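Written below as structure tokens is the structure these notes are about.
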Amino acid sequence: MNDIRSIPVDNLNKSELRILDYIYTHVDDVHSMSVQEFANTVNFSPSSIIRFCKKIGFSGFAELKFSLKAPNERSEPPVVENTNINRILSDLSYDIDGTMRVLNEGDIAKAVDLLTTTQSIHLFDSSGLTGVIVDYVEKYLFTIGRQNVYKYDAEHQLKHVVEKLNQNDLLLMISASGNFGPAFEIVKTAKFHNVKVLSITPFQKNNIAALSDVSLRFFTYQRKNINTDFTSRLPIFYVVNDLLQTYAASLQESEVHHDTNN
Numbered sequence: 146m147n148d149i150r151s152i153p154v155d156n157l158n159k160s161e162l163r164i165l166d167y168i169y170t171h172v173d174d175v176h177s178m179s180v181q182e183f184a185n186t187v188n189f190s191p192s193s194i195i196r197f198c199k200k201i202g203f204s205g206f207a208e209l210k211f212s213l214k215a216p217n218e219r220s221e222p223p224v225v226e227n228t229n230i231n232r233i234l235s236d237l238s239y240d241i242d243g244t245m246r247v248l249n250e251g252d253i254a255k256a257v258d259l260l261t262t263t264q265s266i267h268l269f270d271s272s273g274l275t276g277v278i279v280d281y282v283e284k285y286l287f288t289i290g291r292q293n294v295y296k297y298d299a300e301h302q303l304k305h306v307v308e309k310l311n312q313n314d315l316l317l318m319i320s321a322s323g324n325f326g327p328a329f330e331i332v333k334t335a336k337f338h339n340v341k342v343l344s345i346t347p348f349q350k351n352n353i354a355a356l357s358d359v360s361l362r363f364f365t366y367q368r369k370n371i372n373t374d375f376t377s378r379l380p381i382f383y384v385v386n387d388l389l390q391t392y393a394a395s396l397q398e399s400e401v402h403h404d405t406n407n
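Using our numbering, the letters of the sequence shown correspond one by one to residues 146 to 407.
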């Protein structure tokens, strides 16, 4: 029987990736749904769901649901799942392949434009694993000469700053869930004051992306154990790296163009 998390994503279109991502993030809900209920939830017809199931190697929706049930019923110790190194590498590869397919070049271009045209960039360091990425973004921007980059690790401090900003400033928000309460409150404050918002969030529907001027999306399987988040941040690094390298290249191109004209 297929494992839902080891299905190749290369031959899936964006609509099919959206279905697969919903399954990943709502395993318990999907397992209790009928094909009609699931189809209504993801806004596809039942026949489309059946075709999707067959495309990824299942005989139908019932077999897909059974594949979700089997891992959940195994008795496993309360430790991080997928300790086998081959499985870990497979999961990481799966996340990156999916991210490559959902990352929109047009959105990258819009994000670069925001980084280029706004006067200041403001980052929220929520600590934890995502905080490491925010720190990387700040240092990278400094390295390539971007001025007026500010990082905050206190929600109230950044909200106070955001209240004094306007449409010429940019809030860059990175969130592994897209629904982290403090981050969402900051984004709401920013939009109230017409501050531009660039976010990096998961592919599934989320609050932060919904309010953003531009939202870059990554694909990952949400992993938790005893309420502890073990979701890989590697897909976020992939998006960040793509964005920053594209931005750096655009700056270099502008400098060459300026020198040529002079």
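Just so you know, even glycine gets a beta-carbon here, dropped at the ideal spot from N, CA and C.
Being a predicted model, the structure only gives us computed values, none of them experimental.
Note to self: The beta strand (DSSP E) that contains Thr244, what's its start and end?
What the structure shows: Within the sequence shown, residue 244 is the residue found at index 99, counting from 1. That residue, Thr244, is in no beta strand (DSSP E); its alpha helix (DSSP H) goes Ile230 to Val247.
Next item on the list: Helix, strand or coil for Lys200, going by three-state DSSP, please let me know.
Entry: Position 55 of the sequence shown, counted from the first residue, corresponds to residue 200. It is helical.
Notebook entry, point to check: What is the DSSP secondary structure of Asp358, reduced to helix, strand or coil?
Noted result: On the sequence shown, residue 358 is found 213 positions in, with the first residue counted as 1. Three-state DSSP puts Asp358 in coil, outside helix and strand.
Item checked: Whole runs of the beta strand (DSSP E) within the region 269 to 349, excluding any shorter than 3 residues -> 294 to 297, 314 to 319 and 341 to 347
Check: Within 10 angstroms of its Cβ, does Phe183 collect 16 or more other Cβ (buried), or is it exposed?
Finding: Within the sequence shown, numbered from 1, the residue matching residue 183 stands at position 38. Buried, by the Cβ-count rule.
Note to self: Given this structure, state the Cα-to-Cα distance separating Asp298 from Ile278, to the nearest angstrom.
What the structure shows: Residue numbering aside, residue 298 sits at position 153 when the sequence shown is read from its first letter. Residue numbering aside, residue 278 sits at position 133 when the sequence shown is read from its first letter. Asp298 and Ile278: Cα-Cα distance of roughly 13 Å.
Checklist line | Through-space distance from Ser377 to Ile194, alpha-carbon basis | finding: Working through the sequence shown from its first residue, we reach residue 194 at position 49. Working through the sequence shown from its first residue, we reach residue 377 at position 232. Rounded to whole angstroms, Ile194 to Ser377 spans 28 Å at the Cα level.
Note to self: By the three-class DSSP mapping on this structure, what secondary structure does Phe183 have?
What the structure shows: As a first step, residue 183 must be located in the sequence shown, where it is residue number 38. Correct three-state label for Phe183: helix.
Check: Looking only at C-alpha atoms, which of Asn188, Ala254 and His176 sits nearest to Val359?
Finding: Position 214 of the sequence shown, counted from the first residue, corresponds to residue 359. Considering only alpha carbons, the answer is Ala254.
Notebook entry, point to check: Comparing alpha-carbon positions, which option in Ile289, Asp258 and Ser212 lies nearest Leu317?
Noted result: By 1-based counting over the sequence shown, the position of residue 317 is 172. The shortest C-alpha separation from Leu317 is found at Asp258.
Check: Per DSSP, Phe364 forms a beta bridge with which residues?
Finding: Translated into the one-based positions of the sequence shown, residue 364 becomes position 219. Its beta-bridge partners do not exist; DSSP assigns none.
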